[in-house]
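Protein chains in written order, with this note's numbering: chain A, 1 to 178; chain B, 1 to 181. Quick notes on the structure that follows.
Spelled out as structure tokens, the structure:
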């Protein structure tokens with residue numbers, strides 16, 4: 001105990017630990033909010049940034065989309081975010097065709113980007129795949145904010161920006177009193 | 001004494017809160033702005049053929065039945081443009097009941113970018129997208145409807161659809177060689 005009191009006086013260990021704990025609690029609260037939103041919307045990623053220009057002029061690169069998946073069947077004309085099986089990139093396109101099969105309860109969906117004139121998405125599905133299904137859909141676009149995601153786009157296109165940002169944050173946190 | 005960083009952080013956090021409040025207000029109020037669109041859809045003709053269409057991604061298209069529609073659209077959507085309207089995504093769907101369930105496909109769409117383009121006057125247009133059943137033929141397909149829908153895309157906010165006119169029709173089967181009409 002004597003040793004710890006001396007260490008606290010010399011190096012301010014307790015205040016460092018408190019700082020670390022506050023930082024961790026902020027991080028975990030943010031994580032809890034994100035996961036809670038995921039559960040509420042039944043979507044693995046309820047907020048996405050538009051990465052490609054295939055929905056122009058409706059959505060541009062850098063727009064932030066708010067998704068809600070829920071459990072109800074997909075309807076025609078909805079703009080959805082989906083992932084082709086075994087491919088990691090989420091795609092934002094509009095639903096062009098919906099065929100329901102009552103016996104299996106499945107939906108057969110065809111999508112198309114608004115900018116891709118008269119070319120549906122079969123070219124980007126897996127070879128031989130003609131339709132996507134309800135569980136390929138990550139969410140339907142319920143609302144959006146333009147340009148707000150440009151920061152993410154810049155950081156992906158210029159990885160040096162990520163380094164610079166991280167570096168500045170570290171330097172600032174070292175020099176601040178809170 | 002407030003130094004530069006403290007002032008900057010204060011301004012930034014206030015700006016962020018104000019912006020977020022504005023986003024919420026705009027999103028909530030835009031769908032309630034009044035609009036008065038006029039719309040009418042007329043279907044002239046439906047023709048079903050088989051053995052001609054080729055979809056490079058669909059091997060079954062060679063023997064499937066494809067329907068070709070001829071339709072007119074008269075619509076004045078200019079009143080749907082308010083200060084928060086970026087464009088109108090207008091599209092026409094065909095929905096029907098088949099033996100397996102409910103089906104709905106988009107057969108035509110157009111992006112209306114401004115008030116000048118908002119007066120739609122289409123005469124004897126055909127479907128932009130090929131219309132075929134999920135099965136190979138239109139057998140036991142009933143209750144088809146041709147519907148005009150508009151999706152006003154805001155600059156910022158909530159997405160929603162507005163259904164306009166709808167006309168019921170029936171999709172005929174393709175005539176086989178030797179059939180009498």
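For each residue, glycine too, the CB sits at the ideal point set by N, CA and C. As the structure is a prediction and not an experimental result, all values here were calculated from the model.
With H, G and I counted as helix, E and B as strand and the rest as coil, what does DSSP make of residue i?
i: residue 166 of chain B; result: strand
i: residue 2 of chain A; result: helix
i: residue 12 of chain B; result: helix
i: residue 103 of chain A; result: coil
i: residue 40 of chain A; result: helix
i: residue 130 of chain A; result: coil
i: residue 34 of chain A; result: helix
i: residue 104 of chain B; result: strand
i: residue 40 of chain B; result: strand
i: residue 144 of chain B; result: strand
i: residue 77 of chain A; result: coil
i: residue 33 of chain B; result: coil
i: residue 52 of chain B; result: coil
i: residue 128 of chain B; result: coil
i: residue 109 of chain B; result: strand
i: residue 134 of chain B; result: coil
i: residue 173 of chain B; result: coil
i: residue 179 of chain A; result: It is not possible to answer for residue 179 of chain A, since the shown part of chain A is limited to 1 through 178.
DSSP has residue i in a bridge; who is on the other side?
i: residue 180 of chain A; result: Residue 180 of chain A is absent from the model: chain A starts at 1 and stops at 178.
i: residue 156 of chain A; result: Answer is none; residue 156 of chain A lacks a bridge partner.
i: residue 117 of chain B; result: Note: residue 117 of chain B sits in no beta bridge, so no partner.
i: residue 137 of chain A; result: A:82
i: residue 98 of chain A; result: A:109 and B:104
i: residue 151 of chain B; result: B:89
i: residue 47 of chain B; result: B:68
i: residue 96 of chain B; result: B:103
i: residue 122 of chain B; result: B:73
i: residue 158 of chain B; result: A:143
Throw me the rounded Cβ distance for the residue i and residue j pair, which I believe falls under 8 Å.
i: residue 55 of chain A; j: residue 115 of chain A; result: 6 Å
i: residue 69 of chain A; j: residue 138 of chain A; result: 7 Å
i: residue 93 of chain B; j: residue 110 of chain B; result: Not a contact, Cβ separation roughly 13 Å.
i: residue 149 of chain B; j: residue 96 of chain B; result: With 8 Å as the limit, residue 149 of chain B and residue 96 of chain B do not qualify as a contact, their Cβ atoms being about 16 Å apart.
i: residue 90 of chain A; j: residue 48 of chain A; result: 6 Å
i: residue 72 of chain B; j: residue 42 of chain B; result: 4 Å
i: residue 107 of chain B; j: residue 69 of chain B; result: 7 Å
i: residue 138 of chain B; j: residue 48 of chain B; result: 6 Å
i: residue 187 of chain A; j: residue 63 of chain A; result: Given a span of 1 to 178 for chain A in the structure shown, any question on residue 187 of chain A remains unanswerable.
Just checking, does the segment 73-90 of chain A make contact with the segment 78-87 of chain B on the three C-beta pairs under 8 Å criterion? Taking one beta carbon from each stretch, the segment 73-90 of chain A and the segment 78-87 of chain B have fewer than 3 pairs nearer than 8 Å; the two do not touch.
Can you list the beta strand (DSSP E) stretches of 3 or more residues lying completely in the segment 45-71 of chain A, in chain order? 47-49 and 64-68
Contact the segment 23-35 of chain A vs the segment 60-68 of chain A: 3+ CB pairs below 8 Å: no
What are the start and end residues of each continuous beta strand (DSSP E) run of 3 or more residues lying completely inside the segment 61-93 of chain B, in chain order? Along the length of the segment 61-93 of chain B, whole beta strand (DSSP E) runs at least 3 residues long occupy 65-76, reported in chain order.
At least three beta-carbon pairs within less than 8 Å, the segment 117-130 of chain B to the segment 166-176 of chain B: no
Report yes or no: do the segment 22-38 of chain B and the segment 156-171 of chain B share at least 3 C-beta pairs separated by less than 8 Å? yes
Are there three or more Cβ pairs, one per stretch, closer than 8 Å when the segment 109-124 of chain A is compared with the segment 33-47 of chain A? no
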